[in-house]
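The structure appears right after this line, and notes come after that.
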Amino acid sequence: MEIVNIEAGTFMEMNNILFKIEKQLKGLNSSKSELNEWLDNQEVCILMNISDRKLLSLRQKGLIPFSRIDRKVYYKKEDILNYMRNNLKTHTNNGNGTTSIE
Numbered sequence: 005m006e007i008v009n010i011e012a013g014t015f016m017e018m019n020n021i022l023f024k025i026e027k028q029l030k031g032l033n034s035s036k037s038e039l040n041e042w043l044d045n046q047e048v049c050i051l052m053n054i055s056d057r058k059l060l061s062l063r064q065k066g067l068i069p070f071s072r073i074d075r076k077v078y079y080k081k082e083d084i085l086n087y088m089r090n091n092l093k094t095h096t097n098n099g100n101g102t103t104s105i106e
């Protein structure tokens with residue numbers, strides 16, 4: 005085994021550089037999780053329980069933001085959930101056999 009001696013200042017400098025590299029790598033890993041938050045057409049249709057034609061209509065009207073890579077369309081999951089919260093009606097059972105729309 006070979007032993008290498010370095011000055012304390014050099015060691016601290018190398019240590020700081022390694023910490024910076026580690027921090028950058030951790031940042032890359034967190035951005036990968038953001039990539040999982042993108043949905044394609046099929047996933048959005050299933051999530052919203054709508055047809056692909058209805059999704060196209062929402063996109064053309066500018067109601068749902070999207071991104072296009074080549075011919076494939078992607079949507080941020082957050083945007084879809086916000087649209088659903090703000091615009092979709094829910095049917096509730098009033099308990100007396102009737103339903104209402106909220």
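Residue numbers (the working numbering): 5 to 106. Where a beta carbon is used, it is the ideal one built from N, C-alpha and C, also for glycine. A quick note: this is a predicted structure, and the numbers were derived from the prediction, not measured.
Boundaries (first-last residue) of the alpha helix (DSSP H) holding residue i
| i | result |
| --- | --- |
| R57 | D56 to Q64 |
The beta strand (DSSP E) enclosing residue i, as first and last residue numbers
| i | result |
| --- | --- |
| I68 | Neither: I68 is in no beta strand (DSSP E) and is coded neither H nor E. |
| V48 | From DSSP, V48 is part of no beta strand (DSSP E) but of the alpha helix (DSSP H) over N45 to M52. |
Sequence-distant residues of its chain with Cβ nearer than 6 angstroms to residue i (five each side left out)
| i | result |
| --- | --- |
| Y79 | L43, V48 and F70 |
| N86 | none |
| L60 | none |
Beta-carbon proximity of residue i to residue j, cut-off 8 angstroms
| i | j | result |
| --- | --- | --- |
| L51 | I84 | yes |
| E41 | K76 | no |
Identified DSSP bridge partners for residue i
| i | result |
| --- | --- |
| Y78 | D44 and S71 |
Residues of its chain near residue i, where Cβ-Cβ distance is below 7 angstroms and the 5 sequence neighbours each way are ignored
| i | result |
| --- | --- |
| S55 | C49 |
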